[in-house]
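Novice: In UniProt numbering, the protein residues as written are 1 to 118. By construction, the Cβ of each residue, glycine as well, lies at the ideal position given by its N, Cα and C atoms.
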Amino acid sequence: MGPLKGADHRVVGGVAIDVVRTGAARVKRVVYPVGFRWSKDMQPVVGTALCQHAHVGFLARGEFHIQYADGQVEQFVAPQAVAIAPGHDGWVVGEEPAVLIEFDFEGETVQRLGLPTR
1 MGPLKGADHR VVGGVAIDVV RTGAARVKRV VYPVGFRWSK DMQPVVGTAL CQHAHVGFLA
61 RGEFHIQYAD GQVEQFVAPQ AVAIAPGHDG WVVGEEPAVL IEFDFEGETV QRLGLPTR
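1. Under 8 Å, with one C-beta from each stretch per pair, do the region 68 to 82 and the region 103 to 110 reach the 3-pair mark?
2. Reducing DSSP to helix, strand and coil, say where D70 ends up.
3. Taking the continuous beta strand (DSSP E) assigned at Q80, which residues delimit it?
4. Per DSSP, which residues does Q52 bridge with? Please list them.
5. How about the region 49 to 65 and the region 2 to 20: do they share at least three Cβ pairs that are nearer than 8 Å?
6. Looking only at C-alpha atoms, which of V20, F36, G2 sits nearest to G90?
7. Let me confirm a value: K40 is counted as buried when at least 16 other C-beta atoms fall within 10 Å, else exposed. Which label applies?
8. Report all residues from its chain with a CB closer than 6 Å to the CB of L59; omit the five preceding and five following residues, and keep chain order.
9. Residues in the same chain with beta-carbon distance under 6 Å from A16, minus the five sequence neighbours each way, listed in chain order, please.
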């Protein structure tokens with residue numbers, strides 16, 4: 001997968017993230033590697049018990065599962081639209097990276113997109 005034109009590229013917890021500003025929003029290509037699990041790979045970097053970001057977009061490749069604090073599990077298999085509220089763990093399923101094309105408004109994503117708060 002080549003670089004995303006005009007993107008700010010970084011790798012955090014083994015996850016490759018390309019971010020492009022588009023008006024008041026950001027478009028991101030997030031590549032979660034095989035074997036990735038938020039609680040194992042990102043929690044030590046971020047320091048919170050669960051991921052506190054909302055994720056809204058399109059799973060273009062792979063399979064990803066999430067689990068909320070109340071135990072509810074959601075499964076996403078490409079190609080599929082994705083809307084994940086804050087307060088979750090997540091992991092890649094199978095032998096293929098998960099590629100998420102995500103849209104966000106930084107700290108205002110939940111409110112601006114009408115997602116539930118958990």
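Specialist: The structure says:
1. no
2. Here residue 70 is taken as the residue at index 70 of the sequence shown, counted from 1. Looking at D70 - three-state DSSP - the assignment turns out to be coil, as it is neither helix nor strand.
3. On the sequence shown, position 80 is the one that residue 80 refers to. Residues 80 to 84.
4. Here residue 52 is taken as the residue at index 52 of the sequence shown, counted from 1. Answer is none; Q52 lacks a bridge partner.
5. no
6. One-based indexing of the sequence shown puts residue 90 at position 90. That would be F36, whose Cα lies nearest to the Cα of G90.
7. One-based indexing of the sequence shown puts residue 40 at position 40. Its Cβ having fewer than 16 others within 10 Å, K40 is exposed.
8. Mapped onto the sequence shown, residue 59 falls at position 59. Within the same chain, L59 has close Cβ partners F76, A78, Q80, V82, L100.
9. Locating residue 16 in the sequence shown gives position 16, counting from the first residue. Correct list, in chain order: V31.
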